[in-house]
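J.:
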Amino acid sequence: MDPFHRGSTMENGNGFPSGEGVLSAVSDTSDVFKNSILAPLQNAYLYDESRQSFKYRSAALVKNPALEEKYNAFRAKRRDAGYSEEELSETYGFLLFDDINKAHALGETGVLSGNNACTTLGDPSKGVYISMYSDCLDLNRWYHGKSGYIAIIRLTKGRVKKVSENYTLNFTGPSPGFDCHVSEQLPSVSANTSSFLAFERTQYYMYELLDNGSNDTALSPSAACPFAIVSFSYTDTKTTLVIPQEKSEEKKTLCHYLPWRGQLQIGTQLYNVGLRSTATALVTGKLPPVVKVAQAISMLDLRQLLPQAVFETCFSSEVFLDGLYCSLCELVPSETEGASSLSLLLQEIKERDLALPVLLNDGGFLILLHSSYFLTYDDVGSDTKEVLQALFVFPQSQLVQRGTKFGGTKAAISPEILRFFQY
Numbered sequence: 008m009d010p011f012h013r014g015s016t017m018e019n020g021n022g023f024p025s026g027e028g029v030l031s032a033v034s035d036t037s038d039v040f041k042n043s044i045l046a047p048l049q050n051a052y053l054y055d056e057s058r059q060s061f062k063y064r065s066a067a068l069v070k071n072p073a074l075e076e077k078y079n080a081f082r083a084k085r086r087d088a089g090y091s092e093e094e095l096s097e098t099y100g101f102l103l104f105d106d107i108n109k110a111h112a113l114g115e116t117g118v119l120s121g122n123n124a125c126t127t128l129g130d131p132s133k134g135v136y137i138s139m140y141s142d143c144l145d146l147n148r149w150y151h152g153k154s155g156y157i158a159i160i161r162l163t164k165g166r167v168k169k170v171s172e173n174y175t176l177n178f179t180g181p182s183p184g185f186d187c188h189v190s191e192q193l194p195s196v197s198a199n200t201s202s203f204l205a206f207e208r209t210q211y212y213m214y215e216l217l218d219n220g221s222n223d224t225a226l227s228p229s230a231a232c233p234f235a236i237v238s239f240s241y242t243d244t245k246t247t248l249v250i251p252q253e254k255s256e257e258k259k260t261l262c263h264y265l266p267w268r269g270q271l272q273i274g275t276q277l278y279n280v281g282l283r284s285t286a287t288a289l290v291t292g293k294l295p296p297v298v299k300v301a302q303a304i305s306m307l308d309l310r311q312l313l314p315q316a317v318f319e320t321c322f323s324s325e326v327f328l329d330g331l332y333c334s335l336c337e338l339v340p341s342e343t344e345g346a347s348s349l350s351l352l353l354q355e356i357k358e359r360d361l362a363l364p365v366l367l368n369d370g371g372f373l374i375l376l377h378s379s380y381f382l383t384y385d386d387v388g389s390d391t392k393e394v395l396q397a398l399f400v401f402p403q404s405q406l407v408q409r410g411t412k413f414g415g416t417k418a419a420i421s422p423e424i425l426r427f428f429q430y
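Using this note's numbering, the first residue of the sequence shown is number 8, and each one after it goes up by one.
Rendered as structure tokens:
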């Protein structure tokens, strides 16, 4: 039985309760499914692997004349108010549901204020949050075997205002003269951005101020009209992929790439160490044979100094994050030193919530800190080791072609950061 079939009170194997309502079932072999449901979903992926990972099954179009009439009236009113064709252009947004009953309710009521956990772009009680990407619908990363329901929403964004993210409880209010807020940080989002940061920064915050001269807003913005609901399942292709032996050996080689060996000096204590990285290019600058640590900084202060994206982006090779070039290695003991030599140091900086900064001669700095402060994309089922991470931060890229000599003017790290690291 089709899960969206009308006129029955039974449930089918996918858990869809059916009955009289606003949903019109669509066959997954039909042109309507391919062109009107599958296409909007697949054209709105942030992650390349989503095309292989998402499987869509039962679907239904939302046929709610009242919501459609309200949506069309909004567009006509904005056109009469002088909105441009670009401002009136239509797009799609997406919402995730675990409960099919809540997805069905959306088709009846429209998208209601307070529908989302996000608060950074506007007061959630005065507007709605709708995702731009069909595969970026939750704060958490997708996992193998995840299933649920995605609502496809027709949107007319209208006049859009870029706003800074507000993490306080004094929420940003709707902006008169606008219909939608988006994050100023939206251009920084990529497939490497952490799931929760990508989710927050790829939201439409939509609202509809009433015409009564007050600051009141509509419970359900007219510019967001439910279009379809589709069930999905997610398969993590990385968990089922068999890596050929030569690829496995290649990965092992990359994991043991050692761009530097030397000594770490903290007070009178010396450690024989090396840097281990999966990157195949030297991005650590020119380290001296002995790296001397003369001070510590609290993680609270460090988080205020460095861009938030440094801690919320998965990277190993050099990346450009909010004006800084960053790369990440693991500081490991040498073979003669023994695996336990850094364990006490690692434990101490974790317990005291500290990082160890070192100013470098070539305009950047090295920060040693516990691995738990960084986002990791470990394979499912793998054990997450606690390690000492070496974060390199430079004002210029350290990637150079072979045979290229260092030269030119060196940019400087901001005075705010340097002030904390003065010895």
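No residue lacks a Cβ here, since even glycine has one placed at the ideal position from N, Cα and C.
Compute the distance between the beta-carbons of Glu191 and Lys164, then report whether it is under 8 Å.
T.: Cβ atoms of Glu191 and Lys164: not closer than 8 Å.
J.: Residues in its own chain within less than 8 Å of Tyr90 by CB, not counting five upstream and five downstream?
T.: Excluding positions up to five away in sequence, the list reads Gly165, Arg166.
J.: Less than 8 Å separating the beta-carbons of Pro314 and Leu335?
T.: Against a cut-off of 8 Å, the Cβ pair of Leu335 and Pro314 comes out as no contact.
J.: DSSP three-state label for Met306, please.
T.: Three-state result, Met306: helix.
J.: Under DSSP, the beta strand (DSSP E) around Lys84 begins and ends at which residues?
T.: Where Lys84 is concerned, there is no enclosing beta strand (DSSP E), although the alpha helix (DSSP H) it sits in stretches over 72–87.
J.: Nearest to Glu172 by alpha carbon, out of Ser154, Leu128, Gln59?
T.: For the residues Ser154, Leu128, Gln59, the minimum Cα distance to Glu172 belongs to Leu128.
J.: Going straight from the alpha carbon of Ile374 to that of Phe206, what length do you get?
T.: In a straight line, the C-alpha of Ile374 is about 28 Å away from that of Phe206.
J.: Pick out whichever of Leu307, Cys333, Ala110 has its Cα sitting closest to the Cα of Ile159.
T.: That would be Ala110, whose Cα lies nearest to the Cα of Ile159.
J.: Starting from Arg208 and walking both ways along the alpha helix (DSSP H), at which residues does that stretch end?
T.: Per DSSP, Arg208 belongs to the alpha helix (DSSP H) from 202–208.
J.: Starting from the Cα of His151, find the closest Cα among Ile157, Asn50, Phe239 and give me that residue.
T.: The shortest Cα separation from His151 among Ile157, Asn50, Phe239 belongs to Phe239.
J.: Asn50 to Glu92, Cα distance in whole Å?
T.: Their Cα atoms are separated by approximately 22 Å.
J.: Whole angstroms are fine: how far does the CA of Ser227 sit from the CA of Glu215?
T.: C-alpha separation (whole angstroms): 8 Å.
J.: When DSSP labels each residue in this structure, what does Ala110 get in the three-state scheme?
T.: Ala110: helix per DSSP, three-state reduction.
J.: Our contact map puts Tyr241 next to Ser154 with C-beta atoms below 8 Å; I'd like the distance itself, whole angstroms only.
T.: That pair is a contact at about 7 Å.
J.: At what residues does the alpha helix (DSSP H) containing Lys357 begin and finish?
T.: Start and end: 350–358.
J.: I'd like the span of the beta strand (DSSP E) that includes Pro296, first residue to last.
T.: Segment: none, Pro296 is in no beta strand (DSSP E) and carries neither H nor E.
J.: Three-state secondary structure (DSSP) at Ser238?
T.: Of the three classes helix, strand and coil, the one that applies to Ser238 here is strand, per DSSP.
J.: Please state whether DSSP places Glu115 in a helix, a strand or coil.
T.: Note: Glu115 maps to helix in three-state DSSP.
J.: Whole angstroms are fine: how far does the CA of Pro47 sit from the CA of Arg161?
T.: Approximately 10 Å, taken between the alpha carbons.
J.: Going by C-alpha distance, which of Pro131, Ser201, Lys357 is nearest Asn147?
T.: With distances taken between Cα atoms, Asn147 lies closest to Ser201.
J.: Could you check the C-alpha separation between Asn123 and Ala301 for me, to the nearest Å?
T.: Distance between the alpha carbons of Asn123 and Ala301: 46 Å.
J.: Just to confirm my understanding: we take Ser378, look at its own chain, exclude 5 residues before and 5 after, and list those with CB closer than 7 Å. What are they?
T.: These residues qualify, in order along the chain: Glu393, Val394, Gln396.
J.: For Pro233, count the other beta carbons within 10 Å of its own beta carbon; 16 or more makes it buried, fewer makes it exposed. Which is it?
T.: So Pro233 ends up on the buried side.
J.: Can you list, in chain order, the residues of its chain whose CB lies under 7 Å from that of Leu294, leaving out five sequence neighbours each side?
T.: Excluding residues within five positions, the ones whose Cβ falls inside 7 Å are Trp267, Gly269.
J.: Just verifying my parser: in three-state terms, what is the DSSP assignment at Ala301?
T.: Here Ala301 sits in coil by DSSP.
J.: Among Thr36, Phe318, Val339, Leu338, which residue has its Cα nearest to the Cα of Asp329?
T.: The shortest Cα separation from Asp329 among Thr36, Phe318, Val339, Leu338 belongs to Phe318.
J.: Which residues does DSSP pair with Lys62 in a beta bridge?
T.: Ser240, per the DSSP bridge assignment.
J.: Just to confirm, is the Cβ distance from Phe101 to Leu144 under 8 Å?
T.: In this structure, Leu144 lies closer than 8 Å to Phe101 by Cβ.
J.: Measure the beta-carbon distance from Tyr136 to Cys125 and round it to whole angstroms, keeping in mind my assumption that it falls under 8 Å.
T.: At roughly 4 Å, the Cβ-Cβ gap stays under 8 Å, so Tyr136 and Cys125 are in contact.
J.: Residue range of the alpha helix (DSSP H) that Phe318 falls in?
T.: Note, Phe318: alpha helix (DSSP H), 316–319.
J.: Buried or exposed: where does Lys299 fall if 16 or more other Cβ atoms within 10 Å of its Cβ makes it buried?
T.: Exposed, by the Cβ-count rule.
J.: Quick test of your reading: Leu217 and Ala230, contact by CB under 8 Å. State the CB separation rounded to the nearest angstrom.
T.: With a Cβ gap of about 14 Å, Leu217 and Ala230 do not count as contacting.
J.: Exposed or buried, which one is Pro251 when buried takes at least 16 other CB atoms within 10 Å?
T.: Per-residue confidence for Pro251 stands at a pLDDT of 44, beneath the threshold of 50, marking its modelled position as unreliable; no derived number is given.
J.: Mapping DSSP to helix, strand and coil, what is Pro364?
T.: Reduced to three states, the DSSP call for Pro364 is strand.
J.: So what's Lys254 in DSSP terms, helix, strand or just coil?
T.: Unreliable positioning characterises Lys254 in this predicted model, as indicated by a pLDDT of 42, which lies under 50. The coordinate reading is nonetheless provided below. Here Lys254 sits in helix by DSSP.
J.: I'd like to confirm the pairing. Which residues does DSSP put opposite His188 in its beta bridges?
T.: In the DSSP output, where bridge partners are listed per residue, His188 has Lys168, Tyr212.
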